[in-house]
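Per my numbering, residue 370 is the first one in the sequence shown, and the count goes up by one each step. Positions of the beta carbon are idealized from the N, C-alpha and C atoms, including for glycine.
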Amino acid sequence: MADRNEFLERLQGQLAIWRNRVQSLEAEARRNAERMRGEAEVEYERRMSQLRELLDEGRRQWDRVNAATEDMWRDMSSSAEDTWQTLQSSAATLAAEAQARLAESRRPPAPRPAAKKKAAKKKAAKKKAAKKKSAKKTAASKKTAAKRKTAAKKTARKQAGKKKASRKKTAGRKAAKKKTGGRKKAAGKTGRKAAKKKAGAAKRSKRARKK
């Protein structure tokens with residue numbers, strides 16, 4: 370049989386620990402009151418209520434043991450120990466669950482299927498629009514490059530035409546010059562022949578007069 374005074378001291382110490390634990394959880398819940406939401410908040414409150422009930426039951430257990438006579442204590446010591454162990458286990462479990470629900474309440478809510486689907490569609494549409502914009506930009510870039518290439522070819526053809534025309538003109542000038550030179554040369558030759566012929570005729574006429 371356990372010593373009653375020792376049992377009461379142990380019970381009182383554990384009750385103080387529970388009381389501090391409850392106060393700590395309540396203070397944390399108040400600090401995060403604005404973020405407490407949904408089912409997590411409901412579950413937290415339910416477990417805290419059960420934890421407070423266990424704390425009250427522990428106090429009543431202490432009062433019963435403290436008020437019991439020695440004979441009553443001998444009869445109840447075994448069941449009191451079992452009850453106390455059960456209370457301790459339950460209180461520890463509830464405190465851990467309340468803490469977990471409190472932590473869960475601080476997380477952002479999971480998106481609902483419809484909202485998730487809508488977000489996915491929006492993301493896909495945005496991606497499609499970006500792809501379309503990129504394709505349009507690429508097409509415009511290709512078109513600009515083609516225009517530049519066409520303009521370059523046109524300029525090259527124009528320059529080639531100018532060079533060809535210049536060469537043709539130069540060749541024409543050379544041909545005309547050559548032709549003019551040929552004519553002058555032929556005319557000079559003809560003139561010389563005529564002069565020579567005239568001089569010969571004059572000589573013959575002079576000899577004829579002398580006779």
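beta-carbon residue 419 near the ligand NAD non-hydrogen atom, thresh 8 Å: In the structure on display, the ligand NAD does not appear, and there are no ligands present to speak of.
Where residue 389 falls: helix, strand or coil (DSSP): It is helical.
Simplified DSSP assignment, three categories, for residue 520: For residue 520, the secondary structure class from DSSP, reduced to helix, strand or coil, is helix.
Residue interval of the alpha helix (DSSP H) (run including residue 412): Looking at the DSSP string, the run of the alpha helix (DSSP H) that includes residue 412 is 407-436.
Simplified DSSP state of residue 374, which is helix, strand or coil: Residue state, collapsed to three classes: helix.
Three-pair Cβ contact test at 8 Å for the region 410-418 versus the region 464-474: Counting Cβ pairs under 8 Å, three or more are found: they touch.
Given 8 Å, three or more beta-carbon pairs between the region 445-453 and the region 484-493: Here the region 445-453 does not lie against the region 484-493, with fewer than 3 beta-carbon pairs under 8 Å apart.
Option in 429, 402 and 533 with minimal Cα separation from residue 473: Of 429, 402 and 533, the residue nearest in Cα terms is 402.
Buried/exposed call for residue 407, threshold 16 Cβ in 10 Å: By the Cβ-count criterion, residue 407 is exposed, with fewer than 16 other Cβ atoms from all chains shown falling within 10 Å of its own Cβ.
Pairwise C-alpha distance: residue 528 and residue 510: Each residue's Cα considered, the two are about 27 Å apart.
Separation of residue 508 from residue 542, as counted between CA atoms: Put simply, the backbone Cα of residue 542 is about 50 Å away from that of residue 508.
Assumed close pair residue 427, residue 463 - CB separation to whole angstroms, cut-off 8 Å: Not really, about 12 Å apart at Cβ, beyond 8 Å.
Inter-residue spacing [alpha-carbon to alpha-carbon] between residue 378 and residue 419: Taking the straight line joining both Cα atoms gives about 24 Å.
Whether residue 433 touches residue 391 by CB criterion (9 Å): Contact: no.
Alpha carbon of residue 471 to alpha carbon of residue 495, nearest angstrom: The C-alpha of residue 471 lies about 37 Å from the C-alpha of residue 495.
Cβ shell of residue 498 (< 6 Å), same chain only, five flanking positions each side left out: Around residue 498: no qualifying Cβ.
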